[in-house]
Amino acid sequence: MKANNSISRPALVSSAFAGRRTFNFKCHASQQPESPPPSSGGTRLGAIIKRKQQQLAQRLEELGEEGLEERLQSAASNPSAYPYRLARLIADTTPTGRPVLVFEIARTSTSVGQQTDTTTTISSSKELAEVATRLSKGGADALIVPTDSEDTPEGLSDLFNVSRAAAEIRPIPPPVLCRDWFLHPLQIVDAKEAGCAGVVGIIASVTGARGTPVMSSFSSALGLDAPVEIVNLAELKAMETFGVPFFALNISVGLSVRIAGFGSDVAAGLLGELPFMAVSLVGVKSLEEARAAREAGADALFVRRELVWEWQGREKQLVEALIDATNGDD
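First residue of the sequence shown: 967, per this note's numbering; consecutive thereafter.
As structure tokens, this is what we get:
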């Protein structure tokens, strides 16, 4: 986050996000999910987006335009009572010299194409809640729960149960965000109603120059954090023109240039080009990547599931190790 030292970061975040709590629903209520961009065709990402489109198309048909309009308007009329919790946490934390640590809690037995050496599987909402409890007790700043069908057979139930578990541990519980492939505002409404503080999975290269600002603005209207994932400078500049305040790197889509090591000029350059008052969330899967991301200027770290699995049962030690690896002045 670039900030003016004469103004507090919380004040900057409030001003950057508050102006986005409006949204024109009528022009988008009947809009179908866009087709995958040409760059995703023939890839696993393209297959995932096609599947999500089919699922969404069925839901939109069942709801009808009036039903969809009602869902969107109802959600917008009841925004979060505690808006932008992650962004505010970032604004409060980064001046202390460390990034905000956001931990992905995922099942180990249902993720397609993903393996773990852990001897204990995480295969139910109850077990996810237990991990959330240990991380919350260990000092995790925020949590993220995947809800796509490739990650869990129970969908938003996992999110609900993790949110409830986290709320029972600390007087001010860590924000819990929903991770999915977000193509339509209806998905954001579903996530909000399940209790999330924000969504991760709005990707500029997927929803495009037209759809991505809509998704970002709609999330802001509900008071939800919604980092937009970018992979190159062109996407960053395109989103900047729409006033997008929160950016993600290296979460669902890799950087557009293959590089050796995260602490490269490409990653550092993208972080360095973020607009004034914007905040950043960067994916990492090792202590070394966490250290490099912080040195490059990341405000918050998305600690991937693989690293959480590796430290299963030692979550407090993981939090401490990450703090040690990333603590220091900007």
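The beta carbon of each residue, even a glycine, is placed where N, CA and C say it ideally should be.
> Which word fits SER1129, buried or exposed, when buried means at least 16 other C-beta atoms lie within 10 angstroms of its C-beta?
Replying inline: Flag for SER1129 reads buried.
>> Relative to the C-alpha of GLY1167, which candidate in PHE1212, SER1218, GLY1033 and GLY1121 has its C-alpha closest?
In response: SER1218
> For PHE1148, which residues from the same chain have a beta carbon less than 7 Å from its beta carbon, with the 5 sequence-adjacent residues on both sides left out?
Replying inline: ILE1154, VAL1165, GLY1167, ILE1168 and MET1181
>> Tell me the DSSP secondary structure of PHE1148 in three-state form.
In response: coil
> For ILE1014, which residues of its own chain have a beta-carbon under 7 Å away from its beta-carbon, when the five flanking residues on both sides are left out?
Replying inline: TRP1147
>> Just to confirm, is the Cβ distance from GLU1239 to LEU1202 under 7 Å?
In response: yes
>> Suppose contacts are defined by Cβ-Cβ distances below 7 Å. Is ALA1259 in contact with LEU1247 by that definition?
In response: Taking C-beta atoms as the reference points, ALA1259 and LEU1247 fail to come closer than 7 Å.
> Hey, how far is the Cα of LEU1152 from the Cα of GLN1019?
Replying inline: If I take the Cα positions, the gap works out to 12 Å.
> In the DSSP assignment, what residue or residues form a beta bridge with LEU1067?
Replying inline: LEU1267
> Buried or exposed: which applies to GLU1254, given that a residue is buried once 16 or more other Cβ atoms fall within 10 Å of its Cβ?
Replying inline: GLU1254 should be labelled exposed.
>> Just to confirm my understanding: we take PRO1141, look at its own chain, exclude 5 residues before and 5 after, and list those with CB closer than 6 Å. What are they?
In response: ARG1051, LEU1052, ALA1108 and ALA1163
>> For ASP1290, tell me which candidate among SER1046, GLY1063 and PRO1049 has the shortest Cα-Cα distance.
In response: GLY1063
>> Relative to the C-alpha of ALA1160, which candidate in LEU1143, VAL1172, ALA1175 and ALA1170 has its C-alpha closest?
In response: LEU1143
>> Using the three-state DSSP reduction, which class does GLU1195 fall into: helix, strand or coil?
In response: strand
> Taking all protein chains shown into account, do 16 or more other C-beta atoms lie within 10 angstroms of the C-beta of THR1207, making it buried, or fewer, making it exposed?
Replying inline: THR1207 should be labelled exposed.
>> So, with DSSP's three-state summary, where would you put ILE1110?
In response: strand
> Among LYS1016, ALA1023, GLU1036 and LYS1103, which has the Cα closest to the Cα of GLU1134?
Replying inline: LYS1103
> From ALA1098 to LEU1011, what does the alpha carbon distance come to, in whole angstroms?
Replying inline: 28 Å
> Alpha carbon to alpha carbon, what distance is there between ARG1025 and PHE1213?
Replying inline: A direct Cα-Cα distance of roughly 29 Å separates PHE1213 from ARG1025.
> In the DSSP assignment, what residue or residues form a beta bridge with ALA1214?
Replying inline: GLU1195 and LEU1247
> So, are the CB atoms of LEU1284 and ALA1256 less than 7 Å apart?
Replying inline: no
>> Could you give the first and the last residue of the continuous alpha helix (DSSP H) run that contains VAL1219?
In response: Careful: VAL1219 lies outside any alpha helix (DSSP H) and carries neither H nor E.
> Cα separation between GLU1031 and ILE1196?
Replying inline: 31 Å
> Can you give the beta carbon distance from VAL1250 to ARG1270, rounded, assuming they're within the 8 Å contact cut?
Replying inline: 7 Å
> From GLY1033 to GLU1027, what does the alpha carbon distance come to, in whole angstroms?
Replying inline: 10 Å
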